[in-house]
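So for the sequence shown, full-length UniProt numbering puts the first residue at 1; every next one is plus one.
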Amino acid sequence: MTENISQAKFSRRAALATAGTLGALGITMATGVAGNAAPGVKAPKPSLAFRPDGTFKVIQFNDTQDDEQTDRRTVELMEKALDAEKPDFVVINGDVINGGCDTELEVQQALNHVVLPMETRQIPWAVTFGNHDEDSAARSTMTEAKMLAFLQSYAFNVNADNTPGVTGTSNTQLLVKSAQSKNPAFGLWLIDTGRYAPDSINGQDFSGYPDWDWVRMDQVSWYRDLSKATETKYGKKIPSLMWGHIALHEHRNMWFASIDSRTPADHARGLTKHKIVGERNEDECPGPFNSGLFSAFLERGDVMGYFVGHDHVNSYVGNYYGVQLGYAPGSGFGAYGLSGAERNRLRGARVFELDENHPGIYKDTRVVFAKDYGIDLTANRQSIVPPKPIPATKPGKK
1 MTENISQAKF SRRAALATAG TLGALGITMA TGVAGNAAPG VKAPKPSLAF
51 RPDGTFKVIQ FNDTQDDEQT DRRTVELMEK ALDAEKPDFV VINGDVINGG
101 CDTELEVQQA LNHVVLPMET RQIPWAVTFG NHDEDSAARS TMTEAKMLAF
151 LQSYAFNVNA DNTPGVTGTS NTQLLVKSAQ SKNPAFGLWL IDTGRYAPDS
201 INGQDFSGYP DWDWVRMDQV SWYRDLSKAT ETKYGKKIPS LMWGHIALHE
251 HRNMWFASID SRTPADHARG LTKHKIVGER NEDECPGPFN SGLFSAFLER
301 GDVMGYFVGH DHVNSYVGNY YGVQLGYAPG SGFGAYGLSG AERNRLRGAR
351 VFELDENHPG IYKDTRVVFA KDYGIDLTAN RQSIVPPKPI PATKPGKK
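Here you go:
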């Protein structure tokens with residue numbers, strides 16, 4: 001197979017990795033003996049931990065998506081959500097910045113604005129990369145590899161290094177240690193869903209098709225192999241959640257309880273069948289190919305939910321054949337939203353509640369909105385000028 005890739009449109013993704021920690025979900029898991037993992041694949045040790053009372057909370061922000069003059073309300077939303085919820089881990093799920101930065105320093109300033117809320121509160125955090133994060137690379141020279149190194153210099157960042165031979169930047173497995181033992185009780189997976197489709201494959205272009213990227217087969221294999229290695233090491237499947245920026249085709253299938261038909265009656269059936277809660281104000285935007293990642297979830301039986309961003313004005317979640325599929329609404333006030341005066345109505349974040357004392361560990365997920373924190377929703381621009389200073393990095397960090 002040959003791929004013709006325009007460098008201006010599609011920047012080659014690097015690799016993935018593992019580190020350690022996260023939550024748990026209350027859905028029946030597949031049973032059976034783990035298959036053999038690929039040679040040399042090793043499961044990580046836990047790097048996060050449940051609280052002494054057995055609880056653990058995660059917040060998902062996504063599409064903070066701004067330049068070095070970040071809208072101040074994006075940061076205000078993050079700070080107020082963190083102070084109200086007091087999470088144990090935070091993920092910024094892609095499109096951390098946009099393509100508006102012109103220099104390496106401006107990219108760093110844009111990133112700094114949205115990671116400082118966690119750093120100043122000493123909360124472990126990580127990012128996934130979205131389609132827009134490298135949009136300014138031709139001018140700023142800040143590739144994802146450089147961004148990852150910069151983010152890893154912060155004291156509370158837990159993004160993994162890239163894994164040689166696997167597509168993507170900082171694909172990560174985190175394990176959360178049980179409050180009752182030294183072993184993990186829950187897992188958090190972060191996967192890089194890519195940027196844009198290549199210009200053509202085998203001489204055929206993508207005219208008429210969505211031109212977003214997709215999770216590649218080597219990434220699916222990475223997840224499967226590491227899942228098997230984790231089961232082998234700890235003697236059981238570790239219930240987990242996964243985050244990636246771009247939705248799966250199965251998100252749309254779930255909303256309509258159909259593949260080919262998209263009528264109000266189809267959605268009404270989907271609401272009941274898949275227990276859908278939340279809004280869908282734009283079409284899901286996956287890439288042109290189904291990566292098979294959802295099939296891998298069903299096969300392995302450890303990922304209880306896959307959550308995305310990318311489509312800023314969707315906020316729904318449902319249960320698709322035993323796996324939760326959901327969105328968090330866009331968190332960034334500098335990115336597109338609803339139309340007109342409603343532009344910022346859905347700015348928010350998604351909260352995940354885990355509890356080892358609860359059957360299945362994963363208790364609940366819900367969305368919190370900027371409007372609930374009294375944040376100004378006026379459809380205008382409120383930039384941070386000048387950008388906040390970048391703090392000195394922790395000694396010994398990369």
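Just so it is clear, CB atoms sit at the ideal spot from N, CA and C, and this is done for glycine as well.
The model shown is predicted, which means the values in this text are computed figures rather than measured ones.
- N253 sits in a helix when the DSSP states are folded into three classes.
- In this structure, A328 lies away from R347, with their beta-carbon atoms at least 8 Å apart.
- Assignment of T378 by DSSP, reduced to helix, strand and coil, places it in the coil class.
- For the alpha helix (DSSP H) assignment, the uninterrupted runs of no fewer than 4 residues enclosed by the stretch 78-145 are, from N- to C-terminal side, 104-119, 137-140.
- Taking 3 residues as the shortest admissible run, the stretch 168-195 contains the following complete beta strand (DSSP E) segments, listed from N- to C-terminal end: 169-177, 184-191.
- DSSP assignment within the stretch 211-251 yields the following whole beta strand (DSSP E) runs of 3 residues or more, N-terminal first: 240-244.
- In this structure, N98 keeps its C-beta atom at 8 Å or more from the C-beta atom of T128.
- In this structure N112 is buried. Its beta-carbon is surrounded by 16 or more other beta-carbon atoms within 10 angstroms.
- In chain order, L22, G23, P87, D88, F89, V90, V91, L188, L241, V351, F352, L354 place their CB closer than 8 Å to the CB of V58, counting only its own chain and leaving out the 5 sequence neighbours on each side.
- In the displayed model, L325 falls within a strand according to three-state DSSP.
- Exposed is the label assigned to S261, since fewer than 16 other Cβ atoms lie within 10 Å of its Cβ.
- Secondary structure of K363 (DSSP, three-state): strand.
- By the criterion of at least three beta-carbon pairs nearer than 8 Å, the stretch 268-281 is in contact with the stretch 312-322.
- The Cβ atoms of G305 and G326 lie closer than 8 Å to each other.
- In this structure, K388 keeps its C-beta atom at 8 Å or more from the C-beta atom of L151.
- In this model, V107 and C101 are separated by some 6 Å (Cα to Cα).
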